[in-house]
Each structure stands twice: as C-alpha cells, then as structure tokens.
C-alpha cells in the first residue's frame, strides 16, 4: 500500500498520496533539476536546510523556478499529485480536479504541497543529499 501524508492548505484538507515507483522514476530527472535550482536559491539565502518555512523563501523560490519551462513545472505538478486528494465541501476529490479552487491566491501553499509530495515520493533522495552535504570534501590532487 502506498503511503499518504495529510496536511492543511488554507481551509482545505489535503491528502498527498505516494505515486507508483515507475511514475516516480519517470519524473526523477525533472525533480532533480528543480531540486538543484531550489537548493541554489536556498544557498543564496545562507541555508542548505530543506526544512525552512517555504513562506519565508517564496520570492527566492519563485525566482529559482522562473528559469524552468512552465510546461515542465505543470507536468511535475500533475505527476507528483496524480493520486492526491483534497477535501472540498466534505467530500474527498482528486486534487488535480480542484487544484485551481484549492490554491487560488495561495501559490506558497501549492509549493508546500509539492515539496511534501517530493519528500514523500523521494525520501532516499533527501537522505542521500544530506549525507553528501555531511561528507568531507576530498582534496583535489
């Protein structure tokens, strides 16, 4: 059974569902590209932590993502949230069917949900990234 994570976006309950491994594998190159750009933005802010409050880095995050084709970002959103749901008027609905209503005027909430979808679907990516940061750099001969 695929894992799920629950969170709140404004007045809506969101259930982020893990996507199948083959689908996650297919998205991994684009996820890595976007993650590299986001980490670059975080580095400019003097932090490498992925646990920062996204509301505090919204402008930097937007600038980091500005260089990525909107079609690629849209495809990532569709892929990462394919199995997710939102509770609207008491009923659980596919999140992609109501994404415009749920996130209208709250783009940082959408970034947060996408970030959590990446963390849910690629936990080994973040674990290995943290290990790489902790490893001492080797001197160049």
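Residue numbers (this note's numbering): 543 to 683. Note that the Cβ used here is the ideal one computed from N, Cα and C, for glycine as well.
By the neighbour-count definition (other C-beta atoms within 10 Å, threshold 16), residue 614 is an exposed residue. At least 8 Å separates the beta-carbon of residue 662 from that of residue 556.
The continuous stretches of beta strand (DSSP E) do not include residue 561, and DSSP gives it neither H nor E. Note: residue 554 is bridge-paired with 551 in the DSSP secondary-structure output.
Rounded to the nearest whole angstrom, the CA to CA distance from residue 565 to residue 621 is 7 Å. Separation of residue 652 and residue 543 (C-alpha to C-alpha, rounded to the nearest whole angstrom) is 25 Å. Relative to residue 604, the option among 629, 649, 667, 628 whose CA is nearest is 649.
Annotation for residue 614: the continuous alpha helix (DSSP H) segment containing it runs 612–622.
For residue 627, the number of other beta carbons within 10 angstroms of its own is at least 16, and it is reported as buried. For residue 623, the closest C-alpha among the options 635, 553, 631 is that of 635. For residue 571, the three-state secondary structure derived from DSSP is helix.
The C-beta distance from residue 606 to residue 580 rounds to 5 Å, short enough to meet the 8 Å contact threshold.
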